[in-house]
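Numbering (the UniProt record's numbering), first residue to last: 1 to 333.
Step one of this worksheet: look at the structure below.
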Amino acid sequence: MSWLRPHRRRAGTSTTEQGWSPEEVHSLEDAVARAPSVHNTQPWELTTSDRTALLRERPDVALEQHDPEGRDRRLSCGAAVTNLFLGVRALGWAALVRRWPEENESDDPRLVATVKATHRQQPSVSEGQRFRAITRRTSYRKPFHEQQLPHVAREALLAAGNSAEVHARWITGLEEARTLAEILGYAARVHRKDRHYQRELAMWLVDGQGGVDPGGGIASEDLGNGGVAAVGLVGPSSRLPDERHLAEWIANESIMVLTTSTDDPAAHFRAGEAMQFAWLTATSLGLAASVITQPLNLTEVRAGLLDRLGLPGPPHALLRFGYPVPVPTQRRF
């Protein structure tokens with residue numbers, strides 16, 4: 001899965017401005033448009049009316065090989081819900097979120113969530129920090145700096161990834177790192193030799209210089225070319241690391257796995273919300289991050305992680321956190 005920061009135009013958006021001001025509508029549109037999405041497809045539709053924003057899934061946005069069950073599409077929609085909630089809070093409104101299907105009595109099968117502004121209320125400090133992080137969030141697909149994350153940062157990220165429906169935990173110890181390396185290596189080899197998978201990837205790869213428009217595909221630089229990210233999104237010529245080195249890299253990074261108790265569309269949406277909440281928390285702390293989901297589209301990979309890591313439920317995403325490597329400055333004479 002390639003999680004990009006979309007910008008420029010806003011796709012799949014319509015509005016009626018009763019209740020919301022044009023400026024508020026624009027702010028919400030921009031927040032949602034900046035949510036990460038599988039291959040930059042923005043598989044959602046946002047409508048607003050009477051101070052209520054509705055986010056719907058667009059099942060017509062389909063990736064037959066890279067997202068055959070729509071799991072990543074639903075993760076994307078969940079991430080958009082997080083941005084929508086923070087957008088409403090940043091406007092100074094209390095936000096009532098109703099999620100499909102347990103909290104929404106709508107018969108619309110495409111409805112993901114509604115966010116209603118109920119009364120004036122200033123955002124908390126942490127909400128403001130996460131909202132401001134929306135424009136700065138990027139996918140860091142390089143090896144991280146060797147500096148380890150402090151305990152307080154790991155605790156903050158863990159708290160952000162956990163919710164009533166989503167369980168977050170770290171990959172800990174060399175044994176778990178070896179297990180994850182073995183399973184990710186298997187998935188990378190499967191995807192690299194799958195000609196249908198690679199054909200679809202080639203259709204979505206573009207020259208990403210200057211950014212990629214929503215719906216515009218994947219920048220070639222988003223194919224990880226080193227470290228743990230090298231087994232995330234794999235091209236036909238990707239150089240895959242051996243499992244011993246991969247396990248060492250995993251052990252030296254902070255990698256979080258998100259799971260839920262069930263494996264249905266609602267669970268995928270919730271996992272996407274938690275993923276984005278943790279990602280924005282990392283950005284607000286000055287950390288770099290990226291997400292790995294493509295290997296988890298293989299049934300045997302999810303089953304292997306569930307069983308061998310003793311997870312409490314099916315896994316949906318792996319999140320990498322760390323410090324970016326400083327860019328060397330040119331020496332002046």
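Yeah, the Cβ is synthetic: ideal placement off N, Cα and C, and Gly gets one too.
Looking from the CA of E273, the closest CA among S27, G19, S37 belongs to S37.
G322 has A288 as its beta-bridge partners, per DSSP.
Per the Cβ contact rule, the stretch 298 to 305 is not in contact with the stretch 85 to 99 (fewer than 3 Cβ pairs under 8 Å).
Remark: C-beta atoms of L205 and L223 approach each other more closely than 9 Å.
Taking a C-beta distance under 9 Å as the contact criterion, L174 and A251 qualify as a contact pair. In the DSSP assignment, V257 forms a beta bridge with R169, L318. Secondary structure of T283 (DSSP, three-state): helix.
Separation of Q42 and E29 (C-alpha to C-alpha, rounded to the nearest whole angstrom) is 12 Å. Counting along the chain, R120 sits inside the beta strand (DSSP E) bounded by residues 111 to 120. Here the stretch 219 to 235 does not lie against the stretch 264 to 284, with fewer than 3 beta-carbon pairs under 8 Å apart. In this structure, A156 lies near T281, with their beta-carbon atoms less than 9 Å apart. Contact annotation: the stretch 145 to 160 touches the stretch 313 to 323, with at least three C-beta pairs closer than 8 Å. Under a 10 Å Cβ-count criterion, A159 is classified as exposed, with fewer than 16 other Cβ atoms of the shown protein chains found around its own Cβ. Excluding its 5 nearest sequence neighbours in each direction, A187 has C-beta neighbours in its own chain below 6 Å: P295, L298, V301, listed in chain order. Counted as a single uninterrupted DSSP element, the beta strand (DSSP E) harbouring W93 occupies residues 93 to 99. Where R244 is concerned, the enclosing alpha helix (DSSP H) starts and stops at 243 to 252.
Residues of the same chain with a CB within less than 6 Å of the CB of A168, apart from the 5 flanking positions on each side, are L158, G161, N162, M256, L258 in chain order. Taking 9 Å as the cut-off, the beta carbon of N40 is found closer than this to the beta carbon of I218. Out of I292, P265, R58, P59, the CA that lies nearest to the CA of S139 is found in I292. In the structure shown, the three-state DSSP call for D67 is strand.
Its chain contains A177, L180, I250, I255, V257 as the residues whose beta carbon lies nearer than 7 Å to that of I171, once the 5 sequence neighbours on both sides are disregarded; these appear in chain order. The three-state reading of DSSP puts L205 in strand, counting E and B together. Nearest C-alpha to L309 among V231, E182, S290: E182. Here R130 really is in contact with S284; their C-beta atoms are around 6 Å apart, less than 8 Å. Boundaries of the alpha helix (DSSP H) around E29: 22 to 33.
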